[in-house]
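There are 2 protein chains.
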Amino acid sequence: MKMLKDPEHQVAGHMAKDGRLGPLVDGEGRFFKPFQSNGRGENEAKFYESFSSNKNVPDHIRGYFPVYHGTQVVEASNGSGKLPHIVLDDVVYGYSNPSGMDVKIGSRTWYPGVSELYFNQCLKNDRETTSVSLGFRHAGFKIFDHQESRFWIVEYKVVHGYKVDDARLVLRKFVSSNSLADSIPDCAFASEVYGGSNGILAQLLELKAWFETQTLYHFSSCSVYMFYENESILMKGGGGARAQVKLVDFTHVLDGNGVVDHNFLGGLSSFIKFIQDILES
Amino acid sequence: MKMLKDPEHQVAGHMAKDGRLGPLVDGEGRFFKPFQSNGRGENEAKFYESFSSNKNVPDHIRGYFPVYHGTQVVEASNGSGKLPHIVLDDVVYGYSNPSGMDVKIGSRTWYPGVSELYFNQCLKNDRETTSVSLGFRHAGFKIFDHQESRFWIVEYKVVHGYKVDDARLVLRKFVSSNSLADSIPDCAFASEVYGGSNGILAQLLELKAWFETQTLYHFSSCSVYMFYENESILMKGGGGARAQVKLVDFTHVLDGNGVVDHNFLGGLSSFIKFIQDILES
Numbered sequence: 335m336k337m338l339k340d341p342e343h344q345v346a347g348h349m350a351k352d353g354r355l356g357p358l359v360d361g362e363g364r365f366f367k368p369f370q371s372n373g374r375g376e377n378e379a380k381f382y383e384s385f386s387s388n389k390n391v392p393d394h395i396r397g398y399f400p401v402y403h404g405t406q407v408v409e410a411s412n413g414s415g416k417l418p419h420i421v422l423d424d425v426v427y428g429y430s431n432p433s434g435m436d437v438k439i440g441s442r443t444w445y446p447g448v449s450e451l452y453f454n455q456c457l458k459n460d461r462e463t464t465s466v467s468l469g470f471r472h473a474g475f476k477i478f479d480h481q482e483s484r485f486w487i488v489e490y491k492v493v494h495g496y497k498v499d500d501a502r503l504v505l506r507k508f509v510s511s512n513s514l515a516d517s518i519p520d521c522a523f524a525s526e527v528y529g530g531s532n533g534i535l536a537q538l539l540e541l542k543a544w545f546e547t548q549t550l551y552h553f554s555s556c557s558v559y560m561f562y563e564n565e566s567i568l569m570k571g572g573g574g575a576r577a578q579v580k581l582v583d584f585t586h587v588l589d590g591n592g593v594v595d596h597n598f599l600g601g602l603s604s605f606i607k608f609i610q611d612i613l614e615s
Numbered sequence: 335m336k337m338l339k340d341p342e343h344q345v346a347g348h349m350a351k352d353g354r355l356g357p358l359v360d361g362e363g364r365f366f367k368p369f370q371s372n373g374r375g376e377n378e379a380k381f382y383e384s385f386s387s388n389k390n391v392p393d394h395i396r397g398y399f400p401v402y403h404g405t406q407v408v409e410a411s412n413g414s415g416k417l418p419h420i421v422l423d424d425v426v427y428g429y430s431n432p433s434g435m436d437v438k439i440g441s442r443t444w445y446p447g448v449s450e451l452y453f454n455q456c457l458k459n460d461r462e463t464t465s466v467s468l469g470f471r472h473a474g475f476k477i478f479d480h481q482e483s484r485f486w487i488v489e490y491k492v493v494h495g496y497k498v499d500d501a502r503l504v505l506r507k508f509v510s511s512n513s514l515a516d517s518i519p520d521c522a523f524a525s526e527v528y529g530g531s532n533g534i535l536a537q538l539l540e541l542k543a544w545f546e547t548q549t550l551y552h553f554s555s556c557s558v559y560m561f562y563e564n565e566s567i568l569m570k571g572g573g574g575a576r577a578q579v580k581l582v583d584f585t586h587v588l589d590g591n592g593v594v595d596h597n598f599l600g601g602l603s604s605f606i607k608f609i610q611d612i613l614e615s
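Here the protein sequences line up with chains D and X, keeping their order.
When we follow the numbering used here, the leftmost residue of the first sequence carries the number 335, and every step to the right adds one.
When we follow the numbering used here, the leftmost residue of the second sequence carries the number 335, and every step to the right adds one.
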């Protein structure tokens, strides 16, 4: 196995920077996510095991999830020794210059049965962010600004403080060439990234159709991660933006027990409307 | 105006029985709902005023709301003197033997901006009932049992304590001829009431399609009221079950501010899945 290194294109979550514990990549298409504490790593591995072998998941839906390659004990990013990691496809492998955005779906991140401590933490975060008002909240992003030819990244604390208008604005900036400017986002790449038969909107609608009937899992605190290649936009004819949607973060997935995941479905529907509004404007 | 009297077919909410304050009917097709306290009556009248004159509401959606006839000061049901009432079409007027069910939609009945007192009350109710787990909760019903030829009514306290399995079961009993029996509900009227091009499911799906794009209102603490005529089932060829869905209770409707009502939409989608499951089984 090649030497593991910090991922270049991560946009949210626990990052392996400055000697902290975070995910690693092998540079050959695999992503190593260290087990999160308090049983969350075990939960996530359990979900991937269940999902990978679940014959009730349609093939076209499977493509919206990172491919799972089991777990592996490797040297942790923070030098604390060997730790178990979940091994996944590195979804941005092969992208040289991707813009990416992580959006946590659902107006509620707690769920029946959690401890009062966790319940109160989640409820506080849901009320302080746009989760309650919009049914989703931004968790992080990395947007390549074409005018200044560099990435625009915003601190987690700032993203956490986003209000409704900020949430709306950054979805426009995500597909604009002038994301770093104070001027109105030009949405230059909206139709290429959000639109079209293979674009983000079409993918989100396909996912939503599944969520309207699937009662296998409830995806608490799960994120939509969307990304696209800027290189092909810079060099026209470079194969397209290859815009993709993946669901990520399954540390709090529950058994659906025959009930639709109304919390995720409602939030996803709200998010979809925001993307539709951008395409229509 | 004719003498006002207690409505015969109300299934939930504040009832005008035993000298308490509740709605009245005139026996000629009008329903009089007394203004609820703490500004809720004013809010509801304001909603009806706004909705009635809102040109952005499609005609086919308007039919899912009771027709509004303004407000009127009439003698209250509890003999406390004259009080303002909201005047509506009595939706079950012309039904001689209706079964009816009131289902409060949404996993959350509180919303941003409410007092901490109201927030805590709502949150407690949402967690204690099926609102959080199912995205809806039963608020009351009145089901005509064909075997015993009488209505099955359950106390509010009991309905409030319903768990997931109870919620599922009563949706089957609603369309069964043996609802009072302990045996398995026969779902004898499922296809006639829930199914078909004019049935409950078709109406719910039409409503849902509107909720996927409408950003005019957020319907907090609002109910789906569904009802049908038993008389026509008893006397075959009597004109059909005339199953209908109406949205009721608008004391907590908010401006949508360009955002989809993800709380209502998620809950409605979950409720729809329960009806679909009954039709498929």
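In this text, a Cβ means the ideal position worked out from N, Cα and C, and glycines have one as well.
A quick note: this is a predicted structure, and the numbers were derived from the prediction, not measured.
Residues bridged to residue i [DSSP beta-bridge criterion]
i, result
"D:Tyr562", "D:Ser433"
"X:Gln406", "X:His419"
"D:Val359", "D:Lys339, D:Phe365"
"X:Phe439", "Sequence check: residue 439 of chain X is Ile here, not Phe. For X:Ile439, which the question treats as bridged, DSSP gives the partners X:Phe470."
Limits of the beta strand (DSSP E) - the one that residue i falls within
i, result
"D:Ala473", "470-479"
"D:His586", "586-589"
"D:Arg484", "484-487"
"X:Val582", "578-582"
Identity of the residue in the options nearest residue i by Cα
i, options, result
"D:Gln344", "D:Leu613, D:Gly530, D:Ala524, D:Ala473", "D:Ala473"
"D:Ile487", "D:Lys507, D:Leu468, D:Val498, D:Gly469", "D:Lys507"
"X:Gln548", "D:Glu450, D:Ala577, D:Pro418, D:Asp611", "D:Asp611"
"X:His419", "X:Ala410, X:Val425, X:Tyr427", "X:Ala410"
"X:Gly543", "D:Leu613, D:Leu503, D:Gly415, D:Ser603", "For the sequence presented, residue 543 of chain X should be read as Ala rather than Gly. Of the listed residues, the one whose Cα sits closest to X:Ala543 is D:Ser603."
"X:Gly600", "X:Ser465, X:Pro432, X:Lys367", "X:Ser465"
"X:Gly363", "X:Val407, X:Tyr429, X:Glu378, X:Ala346", "X:Tyr429"
"X:Lys491", "X:Gly347, X:Glu342, X:Asp340, X:Leu338", "X:Gly347"
"X:Asn388", "X:Gly375, X:Glu376, X:Tyr402", "X:Tyr402"
"X:Leu535", "X:Glu378, X:Gly592, X:Ser557, X:Phe605", "X:Phe605"
"D:Val408", "D:Val391, D:Arg396, D:Gly356", "D:Gly356"
"X:Glu540", "X:Pro392, X:Lys339, X:Ala379", "X:Pro392"
"X:Tyr496", "X:Val509, X:Leu514, X:Asp460", "X:Asp460"
"D:Ala501", "D:Asn431, D:Phe475, D:Cys456, D:Val579", "D:Phe475"
"D:Ser511", "D:His480, D:Asn532, D:Ser525", "D:His480"
"X:Thr585", "X:Gly361, X:Asn377, X:Ser525", "X:Asn377"
"D:Val587", "D:Gly529, D:Ile477, D:Gly440, D:Tyr562", "D:Gly440"
"D:Leu358", "D:Lys380, D:Val426, D:Glu383", "D:Val426"
"X:Phe545", "X:Gln455, X:Asn431, X:Ser386, X:Gly592", "X:Gly592"
"X:Val421", "X:Gln578, X:Phe365, X:Phe453", "X:Phe365"
"X:Glu614", "X:Ser525, X:Gly590, X:Gly533", "X:Ser525"
"D:Asn412", "D:Leu514, D:Asp520, D:Pro368", "D:Pro368"
Cβ-based burial, residue i [other Cβ within 10 Å; buried from 16]
i, result
"X:Gln537", "buried"
"D:Ser554", "buried"
"D:Asn564", "buried"
"X:Ile518", "exposed"
"X:Leu451", "exposed"
"X:Arg484", "exposed"
"D:Met337", "exposed"
"D:Arg354", "exposed"
"X:Asn597", "buried"
"D:Arg471", "buried"
"X:Val498", "exposed"
"D:Met435", "buried"
"D:Met569", "exposed"
"X:Gly397", "exposed"
"X:Lys458", "exposed"
"X:His394", "exposed"
"X:Asp516", "exposed"
"X:Gly373", "exposed"
"X:Ser557", "buried"
"X:Asp424", "buried"
"D:Lys339", "exposed"
"X:Gly529", "buried"
Segment limits, alpha helix (DSSP H) that includes residue i
i, result
"X:Gly375", "374-387"
"D:Leu451", "450-462"
"D:Lys491", "490-494"
"X:Arg396", "393-396"
"X:Leu613", "596-614"
For the stretch 507-558 of chain D, which segments carrying the alpha helix (DSSP H) assignment without a break, of at least 4 residues, lie completely within its bounds, in sequence order?
Secondary structure remark: continuous alpha helix (DSSP H) runs of at least 4 residues inside the stretch 507-558 of chain D, in chain order: 524-527, 534-545.
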